[in-house]
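Chemist: Those protein sequence lines, which keep their order, are chains U and X. Each residue of the first sequence is one higher than the one before, counting from 1007 in our numbering. Each residue of the second sequence is one higher than the one before, counting from 1007 in our numbering. Even for Gly, the Cβ is constructed at its ideal location relative to N, Cα and C. Shown below is the structure under consideration.
Protein chains: 2
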Amino acid sequence: MPVTIKDLSNELSLSRSTVSKALNGRSDVSSATRERVLRAVDELGYQPSAAARNLRRQRTEKLGLVVNYPFQRVADFLAELIPGMAAVAEDAEYNLILYTSMAGNEQRIKSLCRSREVDGIIVAWPPGSSETVALSQLMADEQMPHVFLPRRFSNAGISFVAADHVQGARALTQHLISLGHRRIGFERLPEVYETDGDRHAGYAGALRDAGIAYDPSLVISAKSTDPHYHTRSFRTFLSQPAPPTAILFFTDPMAINALSLAKEQSIRIPQDLSIAGYDGILASGVTEPALTTVGQAVSDMGRLAVESLLQLIEEQPRAPIQHTLPVELIVRGSTGPNPKI
Amino acid sequence: MPVTIKDLSNELSLSRSTVSKALNGRSDVSSATRERVLRAVDELGYQPSAAARNLRRQRTEKLGLVVNYPFQRVADFLAELIPGMAAVAEDAEYNLILYTSMAGNEQRIKSLCRSREVDGIIVAWPPGSSETVALSQLMADEQMPHVFLPRRFSNAGISFVAADHVQGARALTQHLISLGHRRIGFERLPEVYETDGDRHAGYAGALRDAGIAYDPSLVISAKSTDPHYHTRSFRTFLSQPAPPTAILFFTDPMAINALSLAKEQSIRIPQDLSIAGYDGILASGVTEPALTTVGQAVSDMGRLAVESLLQLIEEQPRAPIQHTLPVELIVRGSTGPNPKI
DNA sequence: CTAATTTACGAAATCGATTTCGTAATCTGA
DNA sequence: TCAGATTACGAAATCGATTTCGTAAATTAG
């Protein structure tokens, strides 16, 4: 049986109240008594029961991390995200509880809120799932502080941490333009991927800024992330009368796939064609050539999400907390000067 | 304010005991009453308070996952491990609480045990840290069920889940032998990496089985995982009078490093030299050529660790639970026939 | 020196569930 | 029909902490 506060109070011939107050730094305890208590804590090895404390205090110092990602496919995203989060949380004496089976299950989220087993929730929900606004409303109804990541919401009122993909796509496109490229292909994803709009805006913006006309035949929308589509898109790009000299892919895996397709067809990268990805996954650094891409400060996003959630919990601000982080252009070997000039 | 069991009992003009019993499937409740209760639960949206429940039941249905890894360096290990664990845990109505800042801090582990905020602990502690046996003793003293991973202990009495690296190294070596290699290099790590002994045993065993004499000059022990050492080792291997025609590296990153060193020196892989890694990290699949390696069933290990822990918690067996899982040889492009024959 | 204040502590309520035990009411069997 | 068993429920204790409030004793002020 673990040592309880009652054991302590018996041992010391003090009341439980006094012991509790001594341990919680209350002022109505003499310093002599406080020291006696602390000594006894050491000797008996007392540690307050988390359950009893939670019940009385009506908080748990735990944060829920609801992950609705296929882990393996975003391995290095999560592997960067989670330690950042855990570190910040643990510094604030909070811990992270993982929930991975809540996809599309409002009821479970509701139960989680009502059971009060966490003080706040971080929702790592992939883009493309649209029910998130309803979800946020649900948690708000249950008075459960929450932060979405990595998502942006035009709806006011929802707290989130996300990356600035307009800026990212713009920087990437500008990089290619500065290398002399004028016909720059862009393979995007369906609009359900909400970042698609942002990245396309960045791409189009950079072209506009450089005075390059937007050519719709250079923009192909893949139906899904299935490699099959990308292979077809890649062929479509190259079979055009005036094919692009550089192609931007929506994600690194798509770009990496393109690298192997190019190799099969003896297209040299970057001499014949420049290729860029997006996201800065680990694998993008070890391909041959290494991929020019855009890296998100994932770890920072994680940290910021937890910091924001802690603020929502502890300070209860009226306004939501919304962060859009800059991303970083990572120039590597897969992009080079335009061969046509 | 959330709905409590008291609200329910008031609403229904029943005692709290009866409501509780109805919800927990006790037999001394009439089915009519039970239905009334369930209906009211739905209407009022009642969800029991986790804290109250934990306090009364003296368990939390939470498992601690104490991770003492640098996440980024083992990104895909953890990204495979964690979802497997979470899935099994959640099927059993448990959740995972993450603890990442407990390295070398016995006191924190002790507090964790005594606060009873988890029912059991999985310790994902990297090899090379030796204090684990003391740690296990400490948890045992606190009556806290626990499982280590991915570690093996010759000390009886400690539960663990690990991979069979003797078999893995043996399979890898046999593969090279079957390709005609006779002089096979092996770069190992310091003995603090406890798997080093296993892998070396597998390597030596395969040689013995094939009747190949063990040549100590073909076995180099790197002082650490620092790339600097591997570069030197690689040179040492190749500058020998009769250099190896194939080299086994202790980990994939070491092998990948060797791939680029080889490229620098215009050594063709696998025509001039075969190279194999170990662990089957994601990056090993995208190098040029892709790496022959040994893959661990990481996800299975995670699942098994949780299953074992749940057994320890719920069935309180006297004996520890110990699992050593087979590993899988993954043959890819970096190994080929011995060019010297 | 007395009154007002401060200090240091304890009794008891409380958080929200579960569980034990006691007991009317109903049912069963001979 | 009546003792004994069964059914269905409630009162109260309990888990282990925190917090409110009351109050002797000690201190300060006038």
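For the beta strand (DSSP E) containing SER1272/U, name the first residue and the last one.
Modeler: Mapped onto the first sequence, residue 1272/U falls at position 266. That residue, SER1272/U, is in no beta strand (DSSP E); it is neither H nor E in DSSP.
Chemist: DSSP on SER1280/U, reduced to helix/strand/coil?
Modeler: As a working mapping, residue 1280/U is identified with position 274 in the first sequence. In this structure, SER1280/U counts as strand in the three-state DSSP scheme.
Chemist: Give the single residue among LEU1265/U, THR1237/U, ALA1056/U whose Cα lies nearest to the Cα of ARG1065/U.
Modeler: Working through the first sequence from its first residue, we reach residue 1065/U at position 59. If we check each option's Cα against that of ARG1065/U, ALA1056/U comes out closest.
Chemist: Would you please state the rounded distance, in angstroms, between the beta carbons of TYR1209/X and LEU1254/X? I believe it to be under 8 Å.
Modeler: Reading the second sequence from its first residue, position 203 is the one you call residue 1209/X. Reading the second sequence from its first residue, position 248 is the one you call residue 1254/X. With 8 Å as the limit, TYR1209/X and LEU1254/X qualify as a contact, their Cβ atoms being about 7 Å apart.
Chemist: Give the range of the beta strand (DSSP E) segment to which HIS1152/U is assigned.
Modeler: Within the first sequence, the letter at position 146 stands for residue 1152/U. Per DSSP, HIS1152/U belongs to the beta strand (DSSP E) from 1152-1155.
Chemist: Could you name the residues of the same chain whose beta carbon sits closer than 6 Å to that of THR1138/U, not counting the 5 residues immediately before and after it, in chain order?
Modeler: Sequence index remark: in the first sequence, residue 1138/U carries index 132 (1-based). Closer than 6 Å at the Cβ level, and outside the excluded window around THR1138/U, lie TRP1131.
Chemist: Quick one: residues in its chain with C-beta nearer than 7 Å to the C-beta of GLN1317/X, no 5 flanking neighbours on either side, listed in chain order?
Modeler: For this step, residue 1317/X is matched to residue 311 along the second sequence. Here the set comprises PRO1323, ILE1327.
Chemist: DSSP puts GLN1149/X in a beta bridge; with which residues?
Modeler: Residue numbering aside, residue 1149/X sits at position 143 when the second sequence is read from its first letter. Answer is none; GLN1149/X lacks a bridge partner.
Chemist: Out of ILE1273/U, ASN1111/U, GLY1291/U, point me to the one whose CA is closest to ARG1338/U's CA.
Modeler: The residue given as residue 1338/U occupies position 332 in the first sequence. Among ILE1273/U, ASN1111/U, GLY1291/U, the Cα nearest to that of ARG1338/U is on GLY1291/U.
Chemist: Can you find a CB in chain U that lies within less than 8 Å of the CB of PRO1089/X?
Modeler: Here the question's residue 1089/X lines up with position 83 in the second sequence. It does: the Cβ of PRO1089/X has a partner Cβ on chain U nearer than 8 Å.
Chemist: Got a sec, what are the start and stop residues for the beta strand (DSSP E) THR1299/X sits in?
Modeler: Here residue 1299/X refers to the residue found at position 293 of the second sequence. Unbroken beta strand (DSSP E) run through THR1299/X: 1299-1301.
Chemist: Below 8 Å on C-beta distance, what does VAL1025/U contact in chain X?
Modeler: Within the first sequence, the letter at position 19 stands for residue 1025/U. Under the 8 Å cutoff, chain X gives no residues; its nearest Cβ is about 16 Å from VAL1025/U.
Chemist: Of all the options ARG1241/U, ASP1278/U, ILE1011/U, which has the alpha carbon lying nearest to the alpha carbon of ILE1347/U?
Modeler: In the first sequence, residue 1347/U corresponds to position 341, counting from 1. ILE1347/U has its Cα closest to that of ASP1278/U, out of ARG1241/U, ASP1278/U, ILE1011/U.
Chemist: Do you know offhand how far ALA1212/X's Cα is from ARG1189/X's?
Modeler: Here residue 1212/X refers to the residue found at position 206 when the second sequence is read from its first residue. Here residue 1189/X refers to the residue found at position 183 when the second sequence is read from its first residue. Taking the straight line from one Cα to the other gives about 13 Å.
Chemist: In chain order, what residues of the same chain have a beta carbon less than 8 Å from the beta carbon of ARG1309/U, not counting five sequence neighbours either side?
Modeler: Working through the first sequence from its first residue, we reach residue 1309/U at position 303. The residues are GLY1090, MET1091, ALA1093, VAL1094.
Chemist: List, in chain order, every chain X residue whose beta-carbon is nearer than 9 Å to that of ARG1120/U.
Modeler: Locating residue 1120/U in the first sequence gives position 114, where the first residue counts as 1. Within 9 Å Cβ-Cβ: PRO1008, VAL1009, GLY1051, TYR1052, GLN1053, PRO1054, SER1055.
Chemist: Would the beta-carbon of MET1150/U fall within 8 Å of that of GLU1193/U?
Modeler: Working through the first sequence from its first residue, we reach residue 1150/U at position 144. Working through the first sequence from its first residue, we reach residue 1193/U at position 187. No. Outside cutoff.
Chemist: Label PRO1196/U either buried or exposed according to how many other C-beta atoms from any shown protein chain fall within 10 Å of its C-beta, with 16 as the threshold for buried.
Modeler: To locate residue 1196/U, count along the first sequence from 1; it is residue 190. Counting Cβ neighbours within 10 Å, PRO1196/U comes out exposed, since fewer than 16 surround it.
Chemist: Going along chain X, which residues have a C-beta under 8 Å from ASN1161/U?
Modeler: Walking along the first sequence from the start, residue 1161/U turns up at place 155. By Cβ distance, chain X contributes nothing, its closest Cβ being about 24 Å from ASN1161/U, past 8 Å.
Chemist: So, are the CB atoms of SER1280/U and ALA1252/U less than 8 Å apart?
Modeler: As a working note, residue 1280/U is residue 274 in the first sequence. As a working note, residue 1252/U is residue 246 in the first sequence. The answer is yes: Cβ separation under 8 Å.
Chemist: For the beta strand (DSSP E) containing ARG1319/X, list its first residue and its last residue.
Modeler: In the second sequence, counting from the first residue as 1, residue 1319/X sits at position 313. Correcting the residue identity first, residue 1319/X is Ile in this sequence and not Arg. Per DSSP, ILE1319/X belongs to no beta strand (DSSP E); it is in the alpha helix (DSSP H), 1304-1321.
Chemist: Taking the straight line between their C-alpha atoms, what separation do you get for GLU1148/X and ALA1085/U?
Modeler: Residue mapping note: residue 1148/X aligns to position 142 of the second sequence, counting from 1. Residue mapping note: residue 1085/U aligns to position 79 of the first sequence, counting from 1. Taking the straight line joining both Cα atoms gives about 31 Å.
Chemist: Give the DSSP-derived three-state secondary structure of ALA1219/U in the structure shown.
Modeler: The residue you call residue 1219/U lines up with position 213 of the first sequence. Reduced to three states, the DSSP call for ALA1219/U is coil.
Chemist: Using the DSSP secondary-structure output, state which residues sit across from VAL1172/X in a beta bridge.
Modeler: Taking the first residue of the second sequence as position 1, residue 1172/X is located at position 166. VAL1172/X pairs with nothing; no bridge assigned.
Chemist: Here's the rule I'm using: 16 or more other beta-carbon atoms within 10 Å means buried, otherwise exposed. How should SER1142/X be labelled?
Modeler: Locating residue 1142/X in the second sequence gives position 136, counting from the first residue. Answer is buried; the Cβ neighbour count reaches 16.
Chemist: May I ask which residues mark the beginning and end of the alpha helix (DSSP H) holding VAL1129/X?
Modeler: As a first step, residue 1129/X must be located in the second sequence, where it is residue number 123. Premise fails: VAL1129/X lies in the beta strand (DSSP E), 1126-1130, not in any alpha helix (DSSP H).
Chemist: Could you pull out every residue in the same chain whose Cβ sits closer than 8 Å to the Cβ of ILE1088/X, ignoring the five residues on either side in sequence?
Modeler: Reading the second sequence from its first residue, position 82 is the one you call residue 1088/X. Taken in chain order, the residues that qualify are LEU1071, LEU1102, GLY1308.
Chemist: Can you list the residues of chain X that THR1106/U reaches, using a CB-CB cut of under 7 Å?
Modeler: Walking along the first sequence from the start, residue 1106/U turns up at place 100. Result: PRO1089, ALA1092, ALA1093, GLU1096.
Chemist: Starting from TYR1235/X, follow the alpha helix (DSSP H) in both directions and report where the run begins and ends.
Modeler: Indexing the second sequence from 1 puts residue 1235/X at position 229. Run containing TYR1235/X: 1233-1244, per the alpha helix (DSSP H) assignment.
Chemist: Does chain X have any CB closer than 8 Å to the CB of SER1272/U?
Modeler: Residue 1272/U sits at position 266 when you count from the first residue of the first sequence. No, SER1272/U lies away from the interface with chain X (no Cβ there is under 8 Å from its Cβ).
Chemist: Assuming VAL1025/U is part of the beta strand (DSSP E), what are its boundary residues?
Modeler: Locating residue 1025/U in the first sequence gives position 19, counting from the first residue. From DSSP, VAL1025/U is part of no beta strand (DSSP E) but of the alpha helix (DSSP H) over 1022-1029.
Chemist: Quick check: GLU1067/X and GLU1099/X, are their CB atoms within less than 8 Å of each other?
Modeler: Your numbering for residue 1067/X matches position 61 in the second sequence. Your numbering for residue 1099/X matches position 93 in the second sequence. Contact flag set, yes.
Chemist: Using a Cβ-Cβ cut-off of 8 Å, state whether SER1184/U counts as contacting chain X.
Modeler: As a position in the first sequence, residue 1184/U is number 178, starting the count at 1. False, the Cβ-Cβ gap to chain X never drops below 8 Å.
Chemist: Taking Cβ-Cβ distances below 8 Å as the criterion, which residues of the stretch 1239-1267 of chain X are in contact with chain U?
Modeler: ILE1262
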